[in-house]
Amino acid sequence: MTCDKCNSDRIVSISAKCNDMFTAEVKHLKFNAEGYANSNLNISTNGDYVDFEMCVECGKIQGDFPISDETLKEGYFPEGEFDLVIIRQGYTVDLIAKCSSLTQVKMEYEKMDHDLIMSTGAIIMAIDTEDSTTYKAPLWEKQ
Ligand SMILES: [Zn+2]
Numbered sequence: 022m023t024c025d026k027c028n029s030d031r032i033v034s035i036s037a038k039c040n041d042m043f044t045a046e047v048k049h050l051k052f053n054a055e056g057y058a059n060s061n062l063n064i065s066t067n068g069d070y071v072d073f074e075m076c077v078e079c080g081k082i083q084g085d086f087p088i089s090d091e092t093l094k095e096g097y098f099p100e101g102e103f104d105l106v107i108i109r110q111g112y113t114v115d116l117i118a119k120c121s122s123l124t125q126v127k128m129e130y131e132k133m134d135h136d137l138i139m140s141t142g143a144i145i146m147a148i149d150t151e152d153s154t155t156y157k158a159p160l161w162e163k164q
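Okay, here's the thing in structure tokens:
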């Protein structure tokens, strides 16, 4: 085969078994894809393995790019309109609940030990999964 970018035949096939130990930090969408290898990134054909072909001439990972934000989210934001999350150190995100309204977000928030969480410097917020608008606890004003 030849590279889909530069046409070189210097292609290396890479395969690494990771099972469910895979993590990808999707910083611009503020979430971590964790669990089995993420097939949305063109680097896995089977959730147990990171496997892809890379051109060692130009560095291109073979496959279709760019990858849309919608595709990146696929399987990670399957339902609900708001994700209630804890953000630590500015970008590490823990998903607490998927909610269908801000009212539900507030109800889920009341169940959390939010004083303890916020005392660590973490931020609790809701993210609208449609347009990435964020609402910060405890006032839930649009950011
Ligand atoms: Zn190439």
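Taking this note's numbering, the leading residue of the sequence shown gets 22, the next gets one more, and so forth. Glycine included, each C-beta is placed from N, C-alpha and C at the ideal position. Computed from a predicted structure; not experimentally measured.
Residue i vs residue j beta-carbon contact at 8 angstroms
i      : j      : result
Glu55  : Thr66  : no
Thr141 : Asp104 : no
Lys132 : Trp161 : no
Per-residue DSSP class, three states only, for residue i
i      : result
Val106 : strand
Ser36  : strand
Asn28  : coil
Val77  : coil
Met42  : coil
Ile88  : coil
Met22  : coil
Asp224 : Because the chain here runs from 22 to 164, residue 224 falls outside it and cannot be looked at.
Leu95  : According to the sequence provided, residue 95 is Glu. The question's Leu does not apply to it. Coil, per DSSP.
Identified DSSP bridge partners for residue i
i      : result
Leu116 : Val106
Minimum C-alpha distance to residue i - residue among the options
i      : options                          : result
Met146 : Asp115, Asp152 and Gln83         : Asp115
Cys24  : Met139, Leu62 and Cys79          : Cys79
Gly68  : Lys81, Cys39, Glu74 and Ser89    : Cys39
Phe86  : Leu160, Glu151, Lys26 and Trp161 : Lys26
Cys76  : Ile35, Ala143 and Gly96          : Ile35
Met22  : Gly84, His49 and Phe52           : Gly84
Leu93  : Leu123, Ala37, Lys48 and Leu160  : Lys48
Tyr70  : Ala37, Gln125 and Gly111         : Ala37
Cut-off 8 angstroms between Cβ atoms - residues of its own chain near residue i, not counting five sequence neighbours on either side
i      : result
Ser154 : It should be pointed out that residue 154 corresponds to Thr in this sequence rather than to Ser. Once the five neighbours on either side are set aside, the close Cβ partners of Thr154 are Ile148, Lys163 and Gln164.
Ile88  : Asn61, Leu62 and Asn63
Ile107 : Val114, Asp115, Ile117, Ile138, Ala143, Ile144 and Ile145
Lys81  : Cys24, Asp25, Lys26, Cys27 and Met75
Close-in-space but distant-in-sequence residues of the same chain around residue i (CB under 7 angstroms, 5 per side omitted)
i      : result
Ala158 : Tyr130, His135, Ile145 and Met146
Asn59  : Phe43, Ala45 and Ser65
Asp41  : Gly56 and Tyr57
Asp72  : Ile35, Ser36, Ser65 and Thr66
Asp90  : Leu50
Residues near residue i in its chain [Cβ-Cβ closer than 6 angstroms; skip 5 each side]
i     : result
Val33 : Met75 and Val77
Glu46 : Asn53
Lys51 : Val114
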